[in-house]
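Novice: Residues in the sequence shown are numbered consecutively from 246, following UniProt numbering. C-beta: ideal position from N, C-alpha, C; glycine also.
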Amino acid sequence: EKGGYDHFMLKEIYDQPQSILDCLRGRLNPAAGTITMNGVDNHLNALINAQRIVMVACGTSWHAGLLAEYWIEDLCRIPVEVEYASEFRYRNPVINRGDVIVAISQSGETADTLVALENAKEKGAFIFGVVNAVGSSIARLSNAGAYTHAGPEIGVASTKAFTGQLAVLVMMALKIAYAKGTIDEKKYQHLLTELHDVPEKVSQILKDTSNIQAIAEKYKDATDFLYLGRGYNFPVALEGALKLKEISYIHAEGYPAAEMKHGPIALVDDKLPVVFVATKDKYYEKIVSNVQEIKARKGKVIAVATEGDEIIPGMADDVMFVPDADETMAPLLSVIPLQLLSYYIGIAKGLDVDKPRNLAKSVTVE
Ligand code: M6R
């Protein structure tokens with residue numbers, strides 16, 4: 246059932262070209278210039294006219310929500326808030342009729358998310374579920390939704406469910422933007438093609454991981470890691486840090502790269518590995534100077550960089566390459582080496598990567 250892989254986590258990382266394809270199948274059609282999602286099509290007015298969209302989730306799914314904020318605000322010009330379900334449910338949030346709540350959950354059973362949604366629904370919010378487990382509690386409670394179609398995820402660390410969530414959320418953003426007229430035809434077409442190319446590019450990353458395994462060996466005894474990224478790569482930095490904590494029990498923090506100088510830079514010494522998610526995008530020049538700031542303090546830089554880039558690899562101690570892509574789709578690629586890095590560090594430390602201590606696959610207690 247592990248399909249010849251040593252662990253579910255590795256299998257599920259390798260499932261991603263196929264699971265992302267399964268998520269796009271029957272929905273994305275670049276030749277026709279269309280995205281078909283019944284849950285969105287049937288409620289297009291509620292989504293286009295939303296005054297506000299609130300993402301509600303926990304853990305990795307919360308990171309997907311953060312990316313949706315960047316996508317929806319950029320492409321659709323609708324204000325988005327991203328809420329931890331556990332905070333949202335207890336702090337008497339303002340919910341107005343006409344607000345759209347997007348619930349993101351792999352299992353569809355997370356107690357904090359479920360109760361937060363029940364409360365919001367009572368107050369008249371429209372709930373859109375982005376869920377992996379078909380027929381789960383959150384799927385049933387939602388007014389509409391879109392399944393991620395990632396297939397069963399057994400490893401406690403979420404991997405393919407995350408990229409499925411991203412694929413659904415970016416399709417939603419593109420659909421809403423197109424219907425609202427906030428994206429021009431050319432950019433829309435370009436992004437459909439870019440999204441279509443993602444599964445193939447993920448396969449390329451997975452082809453040879455020997456370099457990532459060597460990096461894992463080299464850094465497995467570090468006690469702390471910092472993960473930095475800007476823009477679309479900031480939520481990826483958070484997700485990379487969470488994966489490392491869960492799988493290797495190494496303390497890790499994710500930060501927006503520019504925020505580092507407001508505190509975390511004090512941690513940097515010649516032992517601290519700093520993972521930069523530094524693919525080619527509009528922040529590239531800025532992130533180059535952030536890398537310089539870390540190198541000037543003798544930090545060890547591990548970079549996720551775009552193939553063909555020479556500047557970041559020239560500065561970093563170690564590099565994990567991803568294929569070139571429009572920055573909008575970059576997270577679907579840049580997260581893959583980070584999943585692999587945490588997997589191989591966990592393995593190098595002899596840990597149970599499928600069932601890390603103290604964690605459960607679905608958190609059904611509050
Ligand atoms: O099933 P859900 O997506 O609602 O779960 C939310 C979190 O519990 C989950 O993402 C958790 O953070 C994972 N262990 C992350 O790898």
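Ligand 1 and residue 607: does any heavy atom of the ligand fall closer than 7 Å to the residue's C-beta?
Specialist: Reading the sequence shown from its first residue, position 362 is the one you call residue 607. True, at least one ligand heavy atom lies under 7 Å from that Cβ.
Novice: Can you give me the start and stop residues for the beta strand (DSSP E) that residue 499 sits inside?
Specialist: Locating residue 499 in the sequence shown gives position 254, where the first residue counts as 1. Unbroken beta strand (DSSP E) run through residue 499: 496-501.
Novice: Suppose the cutoff is 7 Å on Cβ atoms and the five residues either side in sequence are ignored; what does the same chain contact list for residue 592 look like?
Specialist: Counting from 1 along the sequence shown, the entry for residue 592 is found at position 347. Only 598 meet the Cβ criterion.
Novice: Shortest alpha-carbon distance to residue 476 belongs to which of 341, 297, 308?
Specialist: Against the sequence shown, residue 476 aligns to sequence position 231. The shortest C-alpha separation from residue 476 is found at 308.
Novice: Using 7 Å as the cut-off, classify the Cβ of residue 303 as near or not near the heavy atoms of ligand 1, replying yes or no.
Specialist: Along the sequence shown, read from residue 1 onward, the residue named residue 303 stands at position 58. Residue 303: yes, Cβ under 7 Å from ligand 1.
Novice: Can you give the Cα-Cα distance for residue 394 and residue 420, rounded to whole angstroms?
Specialist: Along the sequence shown, one-based indexing puts residue 394 at 149. Along the sequence shown, one-based indexing puts residue 420 at 175. Each residue's Cα considered, the two are about 19 Å apart.
Novice: Say the cut is 7 Å; is the CB of residue 491 nearer than that to a heavy atom of ligand 1?
Specialist: Along the sequence shown, one-based indexing puts residue 491 at 246. Result yes, Cβ under 7 Å from ligand 1.
Novice: If contacts are defined as beta-carbon pairs under 8 Å, then residue 588 and residue 255 qualify, I think. What distance do you get, rounded to the angstrom?
Specialist: Here residue 588 is taken as the residue at index 343 of the sequence shown, counted from 1. Here residue 255 is taken as the residue at index 10 of the sequence shown, counted from 1. Rounded, the Cβ-Cβ distance is 6 Å, consistent with contact.
Novice: Over the uninterrupted beta strand (DSSP E) stretch that includes residue 326, give me the two end residues.
Specialist: For the purposes of this step, residue 326 is identified with residue 81 of the sequence shown, where counting begins at 1. It spans 325-329 - the beta strand (DSSP E) in which residue 326 sits, taken as one unbroken run.
Novice: What would DSSP say about residue 571, mapped onto helix, strand or coil?
Specialist: Position 326 of the sequence shown holds residue 571. Correct three-state label for residue 571: coil.
Novice: Would you say the beta carbon of residue 434 comes nearer than 7 Å to a heavy atom of ligand 1?
Specialist: As a working note, residue 434 is residue 189 in the sequence shown. No, the Cβ of residue 434 stays beyond 7 Å of every heavy atom of ligand 1.
Novice: What whole-angstrom Cβ distance do residue 351 and residue 306 have, given they're in contact under 8 Å?
Specialist: The sequence position of residue 351 within the sequence shown is 106, counting from 1. The sequence position of residue 306 within the sequence shown is 61, counting from 1. That pair is a contact at about 6 Å.
Novice: State whether the region 436-453 contacts the region 495-515, with contact taken as three or more CB pairs (one from each stretch) at a distance under 8 Å.
Specialist: Judged by Cβ distances under 8 Å, the region 436-453 makes no contact with the region 495-515, as fewer than three pairs qualify.
Novice: My output table needs one value for residue 279: the three-state DSSP class, helix, strand or coil.
Specialist: Translated into positions along the sequence shown, residue 279 becomes position 34. It is a strand residue.
Novice: Determine, using beta carbons only, whether residue 583 and residue 422 come nearer to each other than 8 Å.
Specialist: What you label residue 583 is simply residue 338 of the sequence shown in a count that begins at 1. What you label residue 422 is simply residue 177 of the sequence shown in a count that begins at 1. It is not a contact, given that the beta carbons lie outside the stated cut-off.
Novice: Tell me whether residue 387 is buried or exposed, calling it buried when 16 or more other Cβ atoms sit within 10 Å of its Cβ.
Specialist: Stepping through the sequence shown from its first residue, residue 387 is reached at position 142. Flag for residue 387 reads buried.
Novice: For the beta strand (DSSP E) that residue 350 lies in, which residues bound it at each end?
Specialist: Looking up residue 350 in the sequence shown gives position 105. Residue 350 -> beta strand (DSSP E) spans 345-350.
Novice: Name the DSSP bridge partner or partners of residue 253?
Specialist: Counted from its first residue, the sequence shown places residue 253 at position 8. Paired residues: none, contrary to the question.
Novice: Less than 8 Å between the CB atoms is what I'm expecting for residue 543 and residue 518, so what's the real figure, rounded?
Specialist: By one-based count along the sequence shown, residue 543 stands at place 298. By one-based count along the sequence shown, residue 518 stands at place 273. Not confirmed; about 12 Å, so no contact.
Novice: Going along the chain, which residues of its own chain have a beta-carbon closer than 7 Å to the beta-carbon of residue 291, five neighbours each way excluded?
Specialist: Counting from 1 along the sequence shown, the entry for residue 291 is found at position 46. These residues qualify, in order along the chain: 345, 371.
Novice: Could you name the residues of the same chain whose beta carbon sits closer than 6 Å to that of residue 399, not counting the 5 residues immediately before and after it, in chain order?
Specialist: For this step, residue 399 is matched to residue 154 along the sequence shown. So the list reads 253, once near-sequence residues are dropped.
Novice: Tell me the rounded alpha-carbon separation between residue 407 and residue 349.
Specialist: Residue 407 sits at position 162 when you count from the first residue of the sequence shown. Residue 349 sits at position 104 when you count from the first residue of the sequence shown. Going by the C-alpha atoms only, they are around 10 Å apart.
Novice: Shorter than 7 Å, the distance from the beta carbon of residue 402 to the closest heavy atom of ligand 1, or not?
Specialist: By one-based count along the sequence shown, residue 402 stands at place 157. Result yes, Cβ under 7 Å from ligand 1.
Novice: Output the distance between the C-alpha atoms of residue 461 and residue 384, rounded to the nearest integer angstrom.
Specialist: Within the sequence shown, residue 461 is the residue found at index 216, counting from 1. Within the sequence shown, residue 384 is the residue found at index 139, counting from 1. Going by the C-alpha atoms only, they are around 38 Å apart.
Novice: Taking the alpha helix (DSSP H) that residue 510 belongs to, which residues open and close that run?
Specialist: Position 265 of the sequence shown, counted from the start, is the residue given in the question as residue 510. It is not in any alpha helix (DSSP H) - residue 510 carries neither H nor E in the DSSP assignment.
Novice: How many Å lie between residue 432 and residue 514 at the Cα?
Specialist: For the purposes of this step, residue 432 is identified with residue 187 of the sequence shown, where counting begins at 1. For the purposes of this step, residue 514 is identified with residue 269 of the sequence shown, where counting begins at 1. Approximately 43 Å, taken between the alpha carbons.
Novice: Taking a contact to mean a Cβ-Cβ separation below 8 Å, would you say residue 332 touches residue 299 in this structure?
Specialist: In the sequence shown, counting from the first residue as 1, residue 332 sits at position 87. In the sequence shown, counting from the first residue as 1, residue 299 sits at position 54. No, they are not a contact pair.
Novice: What do you get for residue 535, buried or exposed, if any count of 16 or more other CB atoms within 10 angstroms of its CB means buried?
Specialist: The sequence position of residue 535 within the sequence shown is 290, counting from 1. So residue 535 ends up on the buried side.
Novice: Indicate the three-state DSSP secondary structure (helix, strand or coil) for residue 547 in the structure shown.
Specialist: Start at 1 with the first residue of the sequence shown, and residue 547 comes out as number 302. Residue 547 falls in the strand class under three-state DSSP.
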